[in-house]
Amino acid sequence: MVKASITGSIIGNLLLILGMAFFFGGLGKDEQQFNTTAAKTSASTLFLATAAIVMPAVFVLTSENPSDAIVETLSIAVSVIMAVSYLASLLFSLHTHKHLYTVDTTECVAKWSVKKSVLVLLASTVTVAIMSEILVGSIEPLAESLGWTEMFIGMIFIAIIGNAAEHVSAITIAIKDRMDLALQIAIGSTTQIAMFVVPVLVFTSYFFENPMNLIFTTFELAAIISSVLMVKSIIEDGKSNWFEGLQLLGTYGIMAVVSFLHP
Amino acid sequence: MVKASITGSIIGNLLLILGMAFFFGGLGKDEQQFNTTAAKTSASTLFLATAAIVMPAVFVLTSENPSDAIVETLSIAVSVIMAVSYLASLLFSLHTHKHLYTVDTTECVAKWSVKKSVLVLLASTVTVAIMSEILVGSIEPLAESLGWTEMFIGMIFIAIIGNAAEHVSAITIAIKDRMDLALQIAIGSTTQIAMFVVPVLVFTSYFFENPMNLIFTTFELAAIISSVLMVKSIIEDGKSNWFEGLQLLGTYGIMAVVSFLHP
Amino acid sequence: MVKASITGSIIGNLLLILGMAFFFGGLGKDEQQFNTTAAKTSASTLFLATAAIVMPAVFVLTSENPSDAIVETLSIAVSVIMAVSYLASLLFSLHTHKHLYTVDTTECVAKWSVKKSVLVLLASTVTVAIMSEILVGSIEPLAESLGWTEMFIGMIFIAIIGNAAEHVSAITIAIKDRMDLALQIAIGSTTQIAMFVVPVLVFTSYFFENPMNLIFTTFELAAIISSVLMVKSIIEDGKSNWFEGLQLLGTYGIMAVVSFLHP
């Protein structure tokens, strides 16, 4: 269920949020432009994350009953590589190459002090987390009584509910034609989930009874690989239009249908 | 057999026709150029079509004996998404972004009235369809007596015979250095098959005894995915040369050899 | 073991050598640039090589016990296509499009005669080959006594030892900011292994008792496909920086960890 939710967050951010941003942002415009270097660096990070998710799964598929200890060692070793790459990506985007990431923020004038901002951020993050937990907890039994499959709940339903705030902001921002920021929301949070949240989950779960491993199912792999290749293909020219948004949404629709029917 | 022919049309258009156009068009020239935006939009459509073909197959591979009813529902739902995307692509290329698709047609002066053109087009389409049917019907027993595998007949032989006209026109046009038109013939007909013919076949077959589903074999998937990635990689820079054509033809040769030997 | 070493050379050149060149070359620089047309042509050749390696494996996975004779015929037929493409790539890079490949060589002034150069080249190649053989022969028992898996020895250990010279030169050259040459060393030797060494091995082994076939394992396929897509994604913009190098090294690290633990 955890890995289904992770997959759902990845494809939700890449296909649904980015698709809606491109679609609604592109309506009535010929094309919208964004910074390709930053977009391409994120895309390579997604490829690294994909390799980190694919290779352990292929390992298990091609071994005969690997022991739990080996799978755990593998998951931790790959997670270390992901975490190091994530730290390096922060060094890259915040220090050595920060000029590539300077989104135009002239509209935003700081009215709050740093201390106030951090406190409000922390408080609202905690509130959102608690709300999501309550929401998910109360909707799950309802969803199951409707006969929804666990895969659909994990991959689609929770991912949509959990990322509702990002949806709204990405679309609003895209309509204002600030595509660099919209891309950072959609792709930035995907790389954050894949390269930071996943390794942290693997590390912390190590101290519990059932450590989480990195072995995704073939279905989840196919969904992640398709999404990454699709998004890579669409963002690499630094332009978007409503039809590209619709293509992302169409791909998301296919994933949703398949996971809804999957027994 | 139907899905093998669809696969054959897709790889035949992408690898054989485009390969011959690039190869013969590029001979003696340094490079040939074409419009990248239109080419890239077609490439994204191919990615969507690939996802629409891959996900249902992964669904079946990872479910334990899904019922026919579920597979049929899945096929129809995915086909609806494909058909909607196809209609949207028409809206995009004929209405909102038609300036990207304006192929230079100064050479072509309309001498026929619209009514006459449509009638001639209809008549010749019907004639070609009947001829193909007769040709295929008469050649199939011959092919089978030669010991050709069903996969080779479907994927390679019928696809070559059925697209003979497109081969000749794409090569002639490429030699005249009108690459945008050559690409439209090769990639345009691929997206048309994948996004329009396939869903129409799924919908109409629904009223017959053995409805066609969208479940392609692993071999067909591998052929389609390889072709789409290869073509994507070659067209995205908006330039072509004879060696790129040869690489497409080499990939096609590999597909032909493998499907010829496949038991 | 032979195919594991080939896989190791491919991923070693693409991920480790190129990764180190981009990483050390990029340190302290904003970005390094290189010729995209040559890089993209190499990338398409890698896609062709990948298709040539993937399709026979899919053939075997989807056939029920294909006979050895069919697998051998398939291997030879695909090898012929690879060898022809390799010859065509020489014609392309040395004759019809040699202007794309003119690396700046003003620093290098020929001091030796052609005859002397060829003799020295031959002598040193033979010496390196003998040395590698001795090295590998003496290290293999040691490696096995350390409990290393055959896959790790073939894919990672031999590949690093065997390409040590290329590592050093690629990094030195990249630090001097001569990226076109560094790319030629890394990607050029990959295409040479995949498109020339592999078919030659298949042809010559045909005269021995156990002819080598082209059937790579699923694990080797996944490693090759991931590496090719990753490198393609990183080189296509004609620019590199230290973080892109690190991403390639991270992907290599994942492959190394997985093959080290693979039973």
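Residue numbers (our numbering), protein chains in the order written: chain A, 11 to 273; chain B, 11 to 273; chain C, 11 to 273. Even for Gly, the Cβ is constructed at its ideal location relative to N, Cα and C. Values in this document were obtained by computation on a predicted structure and should not be read as measured data.
Along the segment 240–268 of chain B, the positions whose C-beta sits under 8 angstroms from a C-beta of chain C are Met240, Ser243, Ile244, Glu246, Asp247, Lys249, Asn251, Trp252, Phe253, Glu254, Leu256, Gln257, Gly260, Thr261, Gly263, Ile264, Met265, Val267 and Val268, read in chain order. Under the three-state reduction of DSSP, Lys249 (chain C) is assigned to strand. Residue-level contact check: Thr228 (chain B) does not touch chain A, since none of the beta carbons of chain A fall below 8 angstroms from its beta carbon.
Closest option to Ile16 (chain B), judged by alpha-carbon separation, among B:Ile244, B:Thr200 and B:Lys186: B:Thr200. Those residues of the segment 62–73 of chain A placed with their C-beta closer than 8 angstroms to a C-beta in chain C are Ala62, Val64, Met65, Pro66, Val68, Phe69, Leu71, Thr72 and Ser73, ordered along the chain. In the DSSP assignment, Glu176 (chain A) falls within the unbroken alpha helix (DSSP H) covering Ala174 to Ile185. Ala204 (chain A) has its alpha-carbon roughly 27 angstroms from the corresponding atom of Met165 (chain C). Around the Cβ of Asn23 (chain C), a 10 Å sphere holds 16 or more other Cβ atoms; the residue is buried.
Closer than 8 angstroms to the CB of Leu104 (chain C) there is not a single CB belonging to chain A. One Cα belongs to Pro221 (chain A), the other to Thr214 (chain A), and the distance between them is close to 8 angstroms.
According to the DSSP assignment, Ile80 (chain B) belongs to the alpha helix (DSSP H) that extends over Asp78 to Leu101.
Under the rule that a run must span 4 or more residues, the alpha helix (DSSP H) segments found entirely inside the segment 182–223 of chain A read 189–193, 199–202 and 208–215.
Using a CB distance cut-off of 8 angstroms, Phe206 (chain C) does not count as an interface residue toward chain B. Counting along the chain, the unbroken alpha helix (DSSP H) around Ser54 (chain A) starts and ends at Thr46 to Thr72. Contact between Ile244 (chain C) and Leu258 (chain C) holds: CB atoms are separated by about 7 angstroms, below the 8 angstroms threshold. For Thr17 (chain B), the enclosing alpha helix (DSSP H) covers residues Val12 to Ile21.
When rounded, the separation of the alpha-carbon atoms in Glu246 (chain C) and Phe217 (chain A) is 42 angstroms. Around the beta carbon of His272 (chain C), 16 or more other beta carbons lie within 10 angstroms, which makes this residue buried. In terms of CA proximity to Gly18 (chain B), B:Phe229 leads the group B:Phe229, B:Val178 and B:Phe32. Within the segment 210–235 of chain A, the residues whose Cβ lies closer than 7 angstroms to some Cβ of chain B are Thr227, Thr228, Phe229 and Ala232, listed in chain order.
For Met30 (chain C), the enclosing alpha helix (DSSP H) starts and ends at Leu28 to Gly36. A contact between stretches requires three or more CB pairs, one per stretch, nearer than 8 angstroms, and the segment 24–44 of chain C fails this requirement with the segment 43–55 of chain B. Across the structure, Leu156 (chain A) and Glu154 (chain C) are spaced so that their CA atoms are roughly 56 angstroms apart. Note: Gln43 (chain A) is bridge-paired with A:Lys249 in the DSSP secondary-structure output. With fewer than 16 other beta carbons inside 10 angstroms of its own, Lys126 (chain C) counts as exposed.
With a 10 Å radius around the Cβ and a threshold of 16 neighbouring Cβ atoms, Pro66 (chain A) comes out buried. Leaving aside the five residues that flank Ala49 (chain A) on each side, the residues in its chain whose CB is nearer than 8 angstroms to its CB run, in chain order, Leu193, Ile197, Ile245, Glu246 and Gly248. Listed by position along chain C, the residues whose Cβ is nearer than 7 angstroms to that of Leu84 (chain A) are Val267, Val268 and Leu271. When CB distances to chain B are screened at a threshold of 8 angstroms, the residues of the segment 49–61 of chain C falling below it are Lys50, Thr51, Ala53, Ser54, Thr55, Phe57, Leu58, Thr60 and Ala61, in chain order.
The beta carbon of Ser237 (chain C) does not come within 8 angstroms of any beta carbon belonging to chain B, so the residue lies off that interface.
Ranked by Cα distance from Val88 (chain C), the options C:Thr60, C:Ile170 and C:Leu100 are led by C:Thr60. By the rule that beta-carbons nearer than 8 angstroms mark a contact, Ile195 (chain C) does not touch chain B. In this structure Phe102 (chain A) does not touch Ser250 (chain A) by the C-beta definition: roughly 24 angstroms separates them, more than the 8 angstroms allowed. Residue environment for Gln42 (chain C): buried (at least 16 other C-beta atoms within 10 angstroms of its C-beta). When rounded, the separation of the alpha-carbon atoms in Ala62 (chain B) and Ile20 (chain A) is 18 angstroms. In terms of Cβ geometry, Ile168 (chain C) and Val70 (chain C) do not form a close pair [threshold 8 angstroms].
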